[in-house]
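Participant:
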Amino acid sequence: LQYYFRTTPSGTGTAIGGLLTAAPWTATWTTPNVPGTYYVYAVATDNLGLSTTSANFTVTVVANTPPSVTIAIPTPLPITAPTPVTINATANDVDGTITNVKFFVNGVLVGSDNTGPNPYTFNWTSTPGFKNFTARAFDNNGDSITSNLITIEIIDPAGAPYRVGDVAQTCVPETFCMPIISATALD
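Counting in the working numbering, the sequence shown runs from 1 upward without gaps.
1) Can you tell me whether G13 is buried or exposed, with buried defined as 16 or more other CB within 10 angstroms of its CB?
2) Does the distance between the C-beta of A81 and the nearest non-hydrogen atom of the ligand SAM fall short of 7 Å?
3) Using the C-alpha atoms, what's the distance from Y38 back to R6?
4) Starting from T60, follow its DSSP beta bridges and name the residues at the other end.
5) Beta-carbon within less than 7 Å of L19's beta-carbon, same chain only, minus the 5 sequence neighbours each way: which residues are those?
6) Determine the direct distance from the alpha carbon of G96 to that of G111, and round the result to whole angstroms.
7) Apart from the five residues on each side of it in sequence, which residues of its chain come closer than 7 Å, Cβ to Cβ, to V62?
8) Any idea if G139 is buried or exposed, counting beta-carbon neighbours within 10 angstroms, 16 or more meaning buried?
9) Less than 8 Å between the C-beta atoms of S126 and V69, yes or no?
10) DSSP three-state call for G159: helix, strand or coil?
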């Protein structure tokens, strides 16, 4: 027995798997990635070489709709390192399920969540500097999509800016005025 598929109701088909010579008369077919209608049929051949063809079984392959994903950072701003930052992703798939959401900071994978349902969450320990956050959602058909980009500046506690308090200028009479500045740093 040999199974075949084709794109028209009649004509030559493409073999599915190998020739089956004993029960069970089953074969696994991975459908093409091209959407459309396919016709599956079997050709049985006996020990005398006589064969017969089954009726078609119609299979319709539909295109996969990619998932959708958005991210949010609910951690209050401003953020000073090494404050933990919660990254939340809301991911949906209209024709399947979400299998995993991966989280990226400046394009580097920092974590993932495959537990669902929404929101998918990852807690990242912040480091100083400007950070670009994204998430990538994957569906059960292997399709994926990247979220919106969120950019946040994480403050470095060691390099926090100081405010200048008092500035004094002194002039020497009848010669010239040379500024002498004294400053006091405030927290």
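Every residue gets a Cβ at the ideal spot worked out from N, C-alpha and C, and that includes glycine. The structure presented is a predicted model; accordingly, all values stated were derived computationally and were not measured.
Facilitator: Inspection of the coordinates gives the following:
1) buried
2) Annotation note on the ligand SAM: not contained in the displayed structure, which lists no ligands.
3) 6 Å
4) T37
5) Q2
6) 23 Å
7) P35
8) The sequence given here places Asp at residue 139; Gly does not occur at that position. Its Cβ being crowded by 16 or more others within 10 Å, D139 is buried.
9) no
10) helix
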